[in-house]
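Chemist: Before I ask anything, here is the structure I am working with.
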Amino acid sequence: MSNYQHEQDISLSKEQSAPWISPMSSMDFDEQGEAARRMSSISSHPGYSQLNNDGQHQNTAHATQQGGVSDDSSPNKGSSGRYSATYDNPLRLSHQSSQFKIRRVPVPDQAISFASDSSIQDLKKQGAMSQMSSPGDTLIGRSSPPRSSPWGRLWRFSINSLHRKKSSTDTLTMNMQPISGTECPSIMEEEACDGNSTRPYYPKQCCNDGPEPCSSRKDIQSPAFHWLTKVVVFLSLYSTVMSGIWLFVAIVQPRWGRRISSRMGMGPSTATVLTAFLSKTIELSFVTIFITFLGQILTRRAISRGSRGTTLAEMSMRSWVIQPGSLATHSGMLRYAGFSVLGILSLLATLVAAFYTTASDAMVAPKLKYGRWEHKPMSGYVRSSYANSDYVKMLCPDILEPEVGSKDNTVACTAVIVSGESYRNLQTFMGVWKNINANGTTTIHDVKDRPAGVASLNSNTTLYGSWIETEHSDVAAHFEKTGRIINNVTLAMPHPGVAAAATSPLNGIMQPDDLSGLGEYAVKAGVVSPAVNVLCVNMAQDELQPLVYTEWPNAKTNWTGVGLQKQGWQNWTDEVPRHPDSRGNANFFNRTVVDDIFRWGPTYQRRPPIFQLFPADYNTVVNSTVIGSDAIYIMGKHPKLQNYTMCELRSWVSPNCSTQFNISGISGSKMAAHCEDPDDVDSYRRSFSGPQDWAKPSGDWKWLADQWRLATDLNGGERNNNASNARILTQLILPGPKLLSYQPSMAEALAVFASSTLTLGAVGTPFRHYWDYEKPGNILGEPGIVHQFNASVITQQYTSGHVYNWQGIFYVVLALMFALNVLCCAYIFSHAKLVTDYTEAQNLFALALNSAPNERLKGTCGGGPEGRDLAVPWRVGYSSGANHYFIEQTSGRPWGRTVATETATSRTADGDGFAGESYDRLRNGRPWL
0 MSNYQHEQDI SLSKEQSAPW ISPMSSMDFD EQGEAARRMS SISSHPGYSQ LNNDGQHQNT
60 AHATQQGGVS DDSSPNKGSS GRYSATYDNP LRLSHQSSQF KIRRVPVPDQ AISFASDSSI
120 QDLKKQGAMS QMSSPGDTLI GRSSPPRSSP WGRLWRFSIN SLHRKKSSTD TLTMNMQPIS
180 GTECPSIMEE EACDGNSTRP YYPKQCCNDG PEPCSSRKDI QSPAFHWLTK VVVFLSLYST
240 VMSGIWLFVA IVQPRWGRRI SSRMGMGPST ATVLTAFLSK TIELSFVTIF ITFLGQILTR
300 RAISRGSRGT TLAEMSMRSW VIQPGSLATH SGMLRYAGFS VLGILSLLAT LVAAFYTTAS
360 DAMVAPKLKY GRWEHKPMSG YVRSSYANSD YVKMLCPDIL EPEVGSKDNT VACTAVIVSG
420 ESYRNLQTFM GVWKNINANG TTTIHDVKDR PAGVASLNSN TTLYGSWIET EHSDVAAHFE
480 KTGRIINNVT LAMPHPGVAA AATSPLNGIM QPDDLSGLGE YAVKAGVVSP AVNVLCVNMA
540 QDELQPLVYT EWPNAKTNWT GVGLQKQGWQ NWTDEVPRHP DSRGNANFFN RTVVDDIFRW
600 GPTYQRRPPI FQLFPADYNT VVNSTVIGSD AIYIMGKHPK LQNYTMCELR SWVSPNCSTQ
660 FNISGISGSK MAAHCEDPDD VDSYRRSFSG PQDWAKPSGD WKWLADQWRL ATDLNGGERN
720 NNASNARILT QLILPGPKLL SYQPSMAEAL AVFASSTLTL GAVGTPFRHY WDYEKPGNIL
780 GEPGIVHQFN ASVITQQYTS GHVYNWQGIF YVVLALMFAL NVLCCAYIFS HAKLVTDYTE
840 AQNLFALALN SAPNERLKGT CGGGPEGRDL AVPWRVGYSS GANHYFIEQT SGRPWGRTVA
900 TETATSRTAD GDGFAGESYD RLRNGRPWL
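Its first residue numbered 0, the sequence shown is counted upward by one per residue in numbering that gives the first Met the number 0.
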């Protein structure tokens, strides 16, 4: 017999419903497997009490319950839509079916009391034996029991009892089948889930597993002026503008000058940290915007009617950007999503997000870097003419008070400086040749390729000289022409005034101290270079007799006690002829066989030197007092040679060089004379277009050289003191007509030895080859006159840009960042109304919980989807009647159901617009990509 009961609205109090939950029930549906899913949920029913009472008799009754569709004749039609899901699924389990007919079978005619503790213990024991989950409420009968229904024993049966035959002797069997007349539609039209749909629908896939509609509280699309939209727009603009600036800076590579320095502006470390911080904010904002861009495209695609939907593989693209390592751990995603347009964009975004900070550090972060050579005029102060001995004395740091009318203290101070610098220069030079002599690393006989002198300026700048006019330095050629051993060399030194000009505020060059002691710069100055010429000629004793007082007729001499050496009397200089003579005629002294070599005599208007005596072995004698002369002369004797050697020293400023100045906060500063290079655009000679009257040998230098020879005791041969300097120099006299490959010549050594006078004599002097000021003593007051000179300058500053060429590859990262930002920004502005991003975990989780199971993803709940599971497409469906969003298959069978018929003009939960209006617009829109 079958009974039909109308549905009624039953509201149970907490006290009535709480006892229905059986303490013995574990509700473990995972253990029950598929059988548990086939079980019917026992709904609340108006005939609950009657069924409970009838259950005590041994008769068979059949109760058929019809759910889901309201009876039009029922007085409770208005409430059926609200509670029909409760009727069909009292536990609200998504896996319970709602279309069943329940059949009662005989049960033992005995009362079962649940008030007894022993009975409860028996039930617990039986439940444990059967391992069957039990629901908390039993819906048989017309009234709810105060505690637990005896029909709760139904849940204690094991899963095997559900498959037993009807003839089984078990206490209770159930056979649940869909009620006839409520079959699911075989095919569901896609229009049934449109936002304009007004009728209920029951997809075949979901008839037995449909969830309760959620009735969304908010619309799927937010307003254009929503706070989230404003944040997204701001982040998009920030990321786009800043990434554009970053790319522009990397291309232009601006130099920040004093805006980033340790003395002014921003400190270097602060600038580095600020750049890293800003690049990180660009990276983070980009990741945020691209994830939003990706989520909006995939969600709109999942909604749009004209799209193919979206897949799990495509949803994983957001994790590529956030966690680049997921490309390695979930490489299978690339197969199904990596080769689409959106997949390629995501891979590029992943690359950008992973390496943008590195690219910023390489291409934008300020770092010390050389710029380009700049040709510009530089300025420096000038106070004196070249080689002014009086000005050199002024510069000497003398703290002693001189006696009235005496200048001995300043002379002594100058002599100390000159001698110290000279000794150091000669020692350094000989040290270089010692290494050459020891390892035999050179066989060079050409002067221009041989080691030149090295000097020092202010004890902190190293000066490197250069051999010039080397066409006159070929010993073999001179010997072939004159039959004499002639050793002629000219050494040029860099102009020391360039160092003062480079470090002067006049030129505004950032010094290493401005760059935390780490900066560098270089200057190529088109200025003159002080030079010294040393001409040494080997001569026989009889050839020198016209120039040696002891060899003159009627000379007053004394024996020195050293062999046959004689020396002149104390006032021997009084017997030297005067210039001019008593008649006013020019007196050029005696003629010699070497007048044309040294340019002496009336033809050259130059006078030769006169010496007191011939020097002994290892000794030298000096004459620096020739009237009107521009040179000093030194004569020395090699111990193993019969001949003597006479050397002439003169100095001038050469126009054939440029001075190169380099300074580093780490390695110090150095200067070099770069001479006679036809390709040197900075050579001083290049500053003039036509021929010039270049400087002649300086007459003032002779007096500075006289102080040098006194300080170095080069005239000790008059006393046969065997001075160390003279001993070294005389042993370097050339024994034959060629330069030795293992040691320097005497002329080379003398030039280096005298180079200290070039350095000291050029401090504060003009950068050009002439002096055009009429001042007493040729000395100007402080700070002097500003002179300009042409120069090429290259400096280090904190610069944004790459250091090595291979780092240019990071341009790709910066350009991609900007391009992707522009794309995302354009999309966001064109789609200002954001939709709910269903690629976000919380949104997808809520959507999935309110959707039916996926038949095409069976078996993936434990180990997760893999292989073709990742390519299963899906869409976001919508039921306007219930205002319910759910997941539907792209085949047109939405996974959801409505439970009551409502019109499409019902209001949304927040009262903004009509339910489904936004969805309908999105559904019919055309998605990007």
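All C-beta atoms in this analysis are idealised placements derived from N, C-alpha and C, irrespective of residue type, glycine included.
Bear in mind that the values here come from a model prediction, so they are computed numbers and not experimental data.
Give the straight-line distance between the Cα atoms of T269 and A364, rounded to the nearest whole angstrom.
Modeler: Your numbering for residue 269 matches position 270 in the sequence shown. Your numbering for residue 364 matches position 365 in the sequence shown. About 11 Å.
Chemist: Since K368 contacts G715 with CB under 8 Å, what's their CB separation in whole angstroms?
Modeler: Residue mapping note: residue 368 aligns to position 369 of the sequence shown, counting from 1. Residue mapping note: residue 715 aligns to position 716 of the sequence shown, counting from 1. Not a contact, Cβ separation roughly 55 Å.
Chemist: Does the Cβ-Cβ distance between L563 and N487 come in under 8 Å?
Modeler: Within the sequence shown, numbered from 1, the residue matching residue 563 stands at position 564. Within the sequence shown, numbered from 1, the residue matching residue 487 stands at position 488. Contact: no.
Chemist: Let me know if C646 comes out buried or exposed under the rule of 16 or more other beta-carbons within 10 Å of its beta-carbon.
Modeler: To locate residue 646, count along the sequence shown from 1; it is residue 647. Buried.
Chemist: Taking 6 Å as the limit between beta carbons, can you name the residues of its chain near A750, skipping five residues before and five after?
Modeler: Start at 1 with the first residue of the sequence shown, and residue 750 comes out as number 751. For A750, where only same-chain residues beyond five positions count, the Cβ hits under 6 Å are V488, L490, V531, V533.
Chemist: Distance check for Q787 and P654, CA to CA, integer angstroms please.
Modeler: By 1-based counting over the sequence shown, the position of residue 654 is 655. By 1-based counting over the sequence shown, the position of residue 787 is 788. Straight-line Cα distance between these residues: approximately 16 Å.
Chemist: Just reading off the beta strand (DSSP E) that Y741 is part of, what are its end residues?
Modeler: To locate residue 741, count along the sequence shown from 1; it is residue 742. Per DSSP, Y741 belongs to no beta strand (DSSP E) and is neither H nor E.
Chemist: Can you have a look at F687 and say buried or exposed, based on whether 16 or more other CB atoms are within 10 angstroms of its CB?
Modeler: Within the sequence shown, residue 687 is the residue found at index 688, counting from 1. By the neighbour-count rule (16 or more Cβ atoms within 10 Å), F687 is not buried but exposed.
Chemist: Indicate whether P267 and Y803 have their beta-carbon atoms separated by less than 8 Å.
Modeler: One-based indexing of the sequence shown puts residue 267 at position 268. One-based indexing of the sequence shown puts residue 803 at position 804. No, Cβ-Cβ distance for P267 and Y803 is not below 8 Å.
Chemist: Need the endpoints of the alpha helix (DSSP H) that Q841 sits in, please.
Modeler: By 1-based counting over the sequence shown, the position of residue 841 is 842. Where Q841 is concerned, the enclosing alpha helix (DSSP H) starts and stops at 840-848.
Chemist: Can you find the residues in the same chain that come closer than 8 Å, C-beta to C-beta, to A814, ignoring five residues on each side of it along the sequence?
Modeler: Residue mapping note: residue 814 aligns to position 815 of the sequence shown, counting from 1. L246.
Chemist: What's the gap between the Cα of F885 and the Cα of L846?
Modeler: As a working note, residue 885 is residue 886 in the sequence shown. As a working note, residue 846 is residue 847 in the sequence shown. Going from the Cα of F885 to the Cα of L846 covers about 6 Å.
Chemist: What is the DSSP secondary structure of H471, reduced to helix, strand or coil?
Modeler: Translated into the one-based positions of the sequence shown, residue 471 becomes position 472. Helix, per DSSP.
Chemist: Which value, in whole angstroms, describes the spacing of the CA atoms of I778 and T481?
Modeler: On the sequence shown, residue 778 is found 779 positions in, with the first residue counted as 1. On the sequence shown, residue 481 is found 482 positions in, with the first residue counted as 1. Straight-line measurement puts the Cα of T481 at about 44 Å from the Cα of I778.
Chemist: Measuring only the C-alpha atoms, how far is I443 from P734?
Modeler: Locating residue 443 in the sequence shown gives position 444, where the first residue counts as 1. Locating residue 734 in the sequence shown gives position 735, where the first residue counts as 1. Between I443 and P734, the C-alpha separation is close to 17 Å.
Chemist: DSSP three-state call for A476: helix, strand or coil?
Modeler: One-based indexing of the sequence shown puts residue 476 at position 477. Three-state result, A476: helix.
Chemist: Look at A327 and V286 and say whether their C-beta atoms are less than 8 Å apart.
Modeler: Residue mapping note: residue 327 aligns to position 328 of the sequence shown, counting from 1. Residue mapping note: residue 286 aligns to position 287 of the sequence shown, counting from 1. Taking 8 Å as the cut-off, the Cβ atoms of A327 and V286 do not count as close.
Chemist: Put N557 into one of helix, strand or coil per three-state DSSP.
Modeler: By 1-based counting over the sequence shown, the position of residue 557 is 558. Strand, per DSSP.
Chemist: If you scan the stretch 307-371 from start to end, which runs of the beta strand (DSSP E) of 3 or more residues do you find wholly inside it?
Modeler: Fully enclosed beta strand (DSSP E) runs of 3 or longer: 365-369.
Chemist: Excluding five sequence neighbours on each side, which residues of the same chain lie with their C-beta closer than 7 Å to the C-beta of K832?
Modeler: As a working note, residue 832 is residue 833 in the sequence shown. The answer, listed in chain order, is Q220, S221, P222, A223.
Chemist: Using a 10 Å radius around the Cβ and a threshold of 16 neighbouring Cβ atoms, would you call L759 buried or exposed?
Modeler: Indexing the sequence shown from 1 puts residue 759 at position 760. Under this definition L759 is a buried residue.
Chemist: How would you call D699, buried or exposed, if buried means at least 16 neighbouring beta carbons within 10 angstroms?
Modeler: For the purposes of this step, residue 699 is taken as residue 700 along the sequence shown, with counting starting at 1. It counts as buried.
Chemist: To the nearest angstrom, how far is the alpha carbon of I485 from that of H477?
Modeler: Working through the sequence shown from its first residue, we reach residue 485 at position 486. Working through the sequence shown from its first residue, we reach residue 477 at position 478. Cα to Cα, I485 sits roughly 6 Å from H477.
Chemist: Mark D676 as exposed unless 16 or more other C-beta atoms lie within 10 angstroms of its C-beta, in which case mark it buried.
Modeler: Residue mapping note: residue 676 aligns to position 677 of the sequence shown, counting from 1. Answer is exposed; the Cβ neighbour count stays below 16.
Chemist: With a threshold of 7 Å on Cβ separation, who are the neighbours of G264 within its own chain once the five nearest residues in sequence on each side are excluded?
Modeler: By 1-based counting over the sequence shown, the position of residue 264 is 265. Within the same chain, G264 has close Cβ partners R257, R258.
Chemist: By the 10 Å Cβ neighbour count, where 16 or more other Cβ atoms means buried, how is F766 classified, buried or exposed?
Modeler: For the purposes of this step, residue 766 is identified with residue 767 of the sequence shown, where counting begins at 1. Residue environment for F766: buried (at least 16 other C-beta atoms within 10 angstroms of its C-beta).
Chemist: Reducing DSSP to helix, strand and coil, say where A722 ends up.
Modeler: As a working mapping, residue 722 is identified with position 723 in the sequence shown. It is coil, neither helix nor strand.
Chemist: Taking DSSP as the reference, what is the three-state secondary structure of Q57?
Modeler: Translated into the one-based positions of the sequence shown, residue 57 becomes position 58. Caution applies to Q57, whose pLDDT of 37 falls short of 50 and renders its modelled position unreliable; the model cannot decide the point.
Chemist: Could you have a look at P376 and say whether DSSP puts it in helix, strand or coil?
Modeler: Position 377 of the sequence shown, counted from the first residue, corresponds to residue 376. P376: strand per DSSP, three-state reduction.
Chemist: Any idea which residues DSSP pairs N622 with across the strands?
Modeler: Residue 622 sits at position 623 when you count from the first residue of the sequence shown. DSSP output for N622 lists Y632 as bridge partner(s).
Chemist: May I ask you to list the residues that DSSP assigns as paired with E675?
Modeler: As a working mapping, residue 675 is identified with position 676 in the sequence shown. DSSP lists no partner for E675.
Chemist: To the nearest whole angstrom, what separates the beta carbons of A454 and M492, a pair I think is in contact under 8 Å?
Modeler: Residue mapping note: residue 454 aligns to position 455 of the sequence shown, counting from 1. Residue mapping note: residue 492 aligns to position 493 of the sequence shown, counting from 1. Yes, they are in contact, since the Cβ atoms of A454 and M492 sit about 6 Å apart, within 8 Å.
Chemist: CB-CB under 6 Å to Y826, same chain, minus the five flanking residues each way: which ones, in chain order?
Modeler: On the sequence shown, position 827 is the one that residue 826 refers to. Only F292 meet the Cβ criterion.
Chemist: Identify which residue in G560, A630, V575 has its Cα closest to the Cα of P552.
Modeler: Indexing the sequence shown from 1 puts residue 552 at position 553. Answer by Cα proximity: V575.
Chemist: For V497 and Q706, which I take to be in contact (beta-carbon distance under 8 Å), what is that distance rounded to the nearest angstrom?
Modeler: Numbered from 1 along the sequence shown, position 498 holds the residue referred to as residue 497. Numbered from 1 along the sequence shown, position 707 holds the residue referred to as residue 706. That pair is no contact at about 25 Å.
Chemist: Taking the beta strand (DSSP E) that L534 falls in, what are its first and last residues?
Modeler: Counted from its first residue, the sequence shown places residue 534 at position 535. Looking at the DSSP string, the run of the beta strand (DSSP E) that includes L534 is 528-538.
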